[in-house]
Amino acid sequence: MYLTQMGEIPLLTRAQEIYLARQIETTRSQFRAKLLECEYVCLNAYKVLSRVHRGELPFDRTVQVSVTDRLEKEQILGRLPHNLQTLEVLIGQNKADYRIALSKRARTTERRKAWARLGRRRKRCVRLIEELGLRTQRIETMIPTLNGFIRRLRELKIKIDAHKRTKQPASNRQNLVDEYRAILKACQETPRSLKRRMKEINEIFARYQRAKRGLSEGNLRLVVSIAKKYRNRGLSFLDLIQEGNAGLMRAVDKFEYRRGFKFCTYATWWIRQAITRAVADQSRTIRIPVHMVETMSRVRNVARQLLQEYGREPTIEEIAARAGTPVDETRRVTAMSRYPISLDRPVGNSEDSHFGDLLPDTGAENPAVGAAQEMLRNRISKVLKSLSYREREIIKLRYGLGDGYSYTLEEVGHIFKVTRERIRQIEAKAVRKLQAPARSEELSG
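In terms of the working numbering, the sequence shown opens at residue 6 and continues consecutively.
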């Protein structure tokens, strides 16, 4: 079903690729700017970048490095402390101007000037943050939070108005009013401006997602063509396609059309990396390192070619010579290539027998040895019955024939309440009786 629907999606031309890539870049810049102009998002971005500066967050997973946008790692690290210091000052000034903008004591002209200063500083904050290349994933997750603020403000407004209509005391709705004001203060917006901002952000973000989806859907066939090369390696074909699609989406986020190469050329490496890592991590019970997967694939392909050429299983030396790898490494890779087999795997078409039932149990006693031991036990018991009670019990205790523990002369003497010398004499007499030809032949036969 999936492959059928995918085949109906037309391939993209070079012009369409560039158009969609430009759409992605434009809409991403627009919604990032609109988001970062919101004080709540700006403050969170500042906190994230501060943690990067202190070494609490990994640089490469938090900041996007781009040569074409002049956002190389050394440049970002050089700007980071200065931009953060400036941001801290601007955020503090924004808080002061927001208080003035909402103050009923301030004149109208002062409030308007405060809003204007807020707007200019926010644009400057956006430029400072964009110079540090904060990843889009770090801020786009705040869109649901801001949409939640809008819904909560609407709910609080309805409840506050209901309290006013019923003419309840102001103290009864004070908690609702405080929460309402706290949300607006966190965003440094009025209810109308926050609603207008989120409407614009949601519209731009929807165009951004459509452009990404268009670029990725036009290259789904590329994922299938690459996934076919990794079949029969422990993952189903659909799982390989799914992992390849994840790599394709990653390529859409990272693609820079200004470098001049086609998107399919760039995406191939991301798709292959995603599939290779999935095969290494998920296909085996015992995980194989990622860097060994390509070596194993090469050795396996060489072994298959030599089998077809020679008509027999190639030796390790022949595989190593053709693959260009050392013999020891080839032997190790060949051993790692074997898949473990479940002991519960059914044998044949029947579900009654399992593979584990056919394996010998090395911990179990050998039946032949067990039978021999039982026969010897019976013969010893028969021979000992020819001795007197005291002789028989002393022999059993001294040689551990009862509980497996060999008692000393002293211990046996305590049991029979005689001296150890007397026990030794009785034992010697009993041994001489057992060495008699009639009894010894019974034991040896």
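All residues carry an ideal CB built from backbone N, CA and C; glycine is no exception.
Under the three-state DSSP convention, the category residue i falls into
i: serine 71; result: strand
i: leucine 62; result: coil
i: leucine 158; result: helix
i: methionine 147; result: coil
i: alanine 20; result: helix
i: phenylalanine 266; result: coil
i: alanine 111; result: coil
i: cysteine 130; result: helix
i: arginine 238; result: coil
i: alanine 441; result: coil
i: arginine 197; result: helix
i: aspartate 166; result: helix
i: asparagine 371; result: coil
i: glutamate 44; result: helix
i: isoleucine 14; result: coil
i: alanine 221; result: The question names alanine, but residue 221 is serine in the sequence shown. Helix, per DSSP.
i: glutamine 173; result: coil
i: valine 53; result: helix
i: lysine 390; result: coil
i: leucine 364; result: coil
i: threonine 424; result: coil
i: threonine 413; result: coil
i: aspartate 408; result: coil
i: isoleucine 346; result: coil
Rounded straight-line distance, which links the Cα of residue j to that of residue i
i: glycine 223; j: arginine 143; result: 27 Å
i: isoleucine 373; j: valine 436; result: The sequence given here places alanine at residue 373; isoleucine does not occur at that position. Whole-angstrom Cα-Cα distance: 29 Å.
i: tyrosine 24; j: lysine 172; result: 58 Å
i: threonine 330; j: isoleucine 276; result: 27 Å
i: proline 174; j: histidine 168; result: 8 Å
i: leucine 181; j: lysine 164; result: 8 Å
i: threonine 146; j: threonine 31; result: 19 Å
i: threonine 114; j: arginine 218; result: 47 Å
i: arginine 37; j: isoleucine 148; result: 10 Å
i: isoleucine 420; j: threonine 413; result: 11 Å
i: threonine 367; j: phenylalanine 360; result: 16 Å
i: glutamate 184; j: glutamate 160; result: 11 Å
i: alanine 441; j: serine 391; result: 12 Å
i: serine 470; j: leucine 364; result: Past the boundaries of the shown model lies residue 470; the chain is included only from 6 to 450, so the question cannot be answered.
i: valine 298; j: alanine 211; result: 39 Å
i: alanine 216; j: aspartate 258; result: 11 Å
i: glutamine 69; j: methionine 254; result: 16 Å
i: histidine 58; j: leucine 85; result: 7 Å
i: isoleucine 431; j: leucine 381; result: 24 Å
i: glutamate 446; j: valine 417; result: 28 Å
i: glutamate 396; j: isoleucine 346; result: 57 Å
i: glutamine 287; j: lysine 162; result: 51 Å
i: leucine 243; j: phenylalanine 260; result: 25 Å
i: lysine 204; j: arginine 33; result: 16 Å
i: lysine 422; j: asparagine 371; result: 42 Å
i: arginine 306; j: arginine 19; result: Looking at the sequence provided, one finds asparagine at residue 306 rather than arginine. Taking the straight line joining both Cα atoms gives about 35 Å.
i: tyrosine 103; j: alanine 111; result: 12 Å
i: aspartate 408; j: aspartate 349; result: 39 Å
i: glutamine 35; j: leucine 54; result: 21 Å
i: arginine 202; j: valine 304; result: 58 Å
i: lysine 190; j: asparagine 99; result: 11 Å
i: arginine 226; j: lysine 234; result: 13 Å
i: serine 424; j: glutamate 415; result: The identity of residue 424 in the sequence shown is threonine, whereas the question assumes serine. Whole-angstrom Cα-Cα distance: 8 Å.
Sheet register partners of residue i (DSSP bridge)
i: histidine 359; result: Pro351
i: leucine 139; result: Val68
i: leucine 76; result: Ser71
Exposed unless 16 or more other CB atoms sit within 10 angstroms - verdict on residue i
i: arginine 127; result: buried
i: threonine 273; result: buried
i: glycine 138; result: buried
i: phenylalanine 154; result: buried
i: threonine 300; result: buried
i: alanine 279; result: buried
i: alanine 285; result: buried
i: isoleucine 400; result: buried
i: valine 46; result: buried
i: tyrosine 410; result: exposed
i: glutamine 378; result: exposed
i: tyrosine 213; result: buried
i: tyrosine 394; result: exposed
i: alanine 256; result: buried
i: tyrosine 7; result: exposed
i: glycine 124; result: exposed
9 Å Cβ cutoff, residue i in contact with chain D
i: proline 345; result: Although the question refers to chain D, the structure presented lacks it and comprises just one protein chain.
Which runs of the alpha helix (DSSP H) fall wholly inside the segment 256-341 and span at least 4 residues, in chain order?
Qualifying alpha helix (DSSP H) stretches, in chain order: 268-287, 295-315, 321-328 and 332-341.
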